[in-house]
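Below is one structure; the comments refer to it alone.
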Amino acid sequence: MEKIINVYDVDEFRKLLNNGLNSIRLACEYYVDAITKKPELKEVFIHEFPEFNAVSWYRFEQIGRGVLSPKLLHATNTTIKMLSTCSYSDQVKYLEKPVEFLTSTGDVLLLDVSAMISSQVRQVFNGKSVRTLAEQKVYIEIEKEKRSKKEIKNTREWFVRKDKLYVGKVVFTKIELVEIMEEMNY
Numbered sequence: 081m082e083k084i085i086n087v088y089d090v091d092e093f094r095k096l097l098n099n100g101l102n103s104i105r106l107a108c109e110y111y112v113d114a115i116t117k118k119p120e121l122k123e124v125f126i127h128e129f130p131e132f133n134a135v136s137w138y139r140f141e142q143i144g145r146g147v148l149s150p151k152l153l154h155a156t157n158t159t160i161k162m163l164s165t166c167s168y169s170d171q172v173k174y175l176e177k178p179v180e181f182l183t184s185t186g187d188v189l190l191l192d193v194s195a196m197i198s199s200q201v202r203q204v205f206n207g208k209s210v211r212t213l214a215e216q217k218v219y220i221e222i223e224k225e226k227r228s229k230k231e232i233k234n235t236r237e238w239f240v241r242k243d244k245l246y247v248g249k250v251v252f253t254k255i256e257l258v259e260i261m262e263e264m265n266y
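Numbering (the numbering used here), first residue to last: 81 to 266.
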């Protein structure tokens, strides 16, 4: 038997959720106003509400100061964490509409931020904002160059780390290399 979805239930949930988010915002604004007027109240709040950890209090303050959307209060997803470093207006914008993502073939996809994988997150976000398509193209080229250099490095059977030469499982110090060179009359 197929369950019928009542649109009223979805709308009611949306209304209650939005009311809850608005209440969180108001509570956070109240908290910030209180600790701005009397900084010593911060410890009182923390003591009175031990169920909230330091990260929660940090985010309450960010929400109260208008730099973090209440929708990001419990963000754990990598994408959402990166989005939380963006401006408040960008947070709201990209929580509500998809972000442009440039593929390696030049196609542009519109992605929901919550559905992005870590490599897409690194390409789209630059730490404080969302990269433009032109910036993403540059990012793709830089990453391609890095991979190419890494592949070349990985084809060698030896590598140097600090003051030692590693050849397979054999390690040579500088002194040992000098001795080898002397034996070779180099």
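No residue lacks a Cβ here, since even glycine has one placed at the ideal position from N, Cα and C.
So, for residue i: in the same chain, excluding its five sequence neighbours on each side, which residues have a beta-carbon less than 6 Å away from its beta-carbon?
i      : result
ARG227 : none
SER103 : none
LEU190 : PRO178
MET162 : VAL201 and PHE205
PHE239 : TYR246
Looking at the secondary structure, which residues open and close the beta strand (DSSP E) in which residue i lies?
i      : result
VAL179 : 179–182
LEU191 : 188–191
PHE239 : 238–241
With respect to the alpha helix (DSSP H) encompassing residue i, which residues constitute its N-terminal and C-terminal limits?
i      : result
PHE140 : 134–144
VAL147 : Counting along the chain, VAL147 falls outside any alpha helix (DSSP H), and DSSP gives it neither H nor E.
TYR174 : 168–176
MET162 : 158–163
MET261 : 254–263
Report the three-state DSSP secondary structure of residue i (helix, strand or coil).
i      : result
PHE93  : helix
LYS226 : helix
LYS249 : coil
ARG202 : helix
LYS208 : coil
VAL112 : helix
LYS118 : coil
From this set, the options, which residue's C-alpha is nearest residue i's C-alpha?
i      : options                           : result
PHE181 : ILE197, SER167, VAL172 and CYS166 : ILE197
HIS154 : GLY144, VAL193, PHE140 and SER167 : PHE140
GLU237 : LYS229, LYS249, LYS244 and ARG145 : LYS249
SER164 : LYS244, LEU121, GLU259 and LEU148 : LEU148
SER169 : THR183, ASN157 and GLY146         : GLY146
LYS254 : LYS244, GLU262 and TYR110         : LYS244
GLY186 : VAL218, LYS229 and GLU176         : VAL218
CYS108 : ARG241, TYR138, ASP89 and GLU128  : TYR138
Going along the chain, which residues of its own chain have a beta-carbon closer than 7 Å to the beta-carbon of residue i, five neighbours each way excluded?
i      : result
LEU101 : PRO150 and LYS151
VAL172 : SER149
LEU213 : GLU180, LEU182 and VAL188
Cutting at 8 Å between CB atoms, please list the residues of its own chain near residue i, excluding the five before and the five after it.
i      : result
CYS166 : TYR174, PHE205, LYS208, SER209 and VAL210
ILE115 : LEU121, LYS122, PHE125 and GLU141
ILE160 : LEU152, VAL193 and SER194
ILE220 : LEU182, SER184 and GLN203
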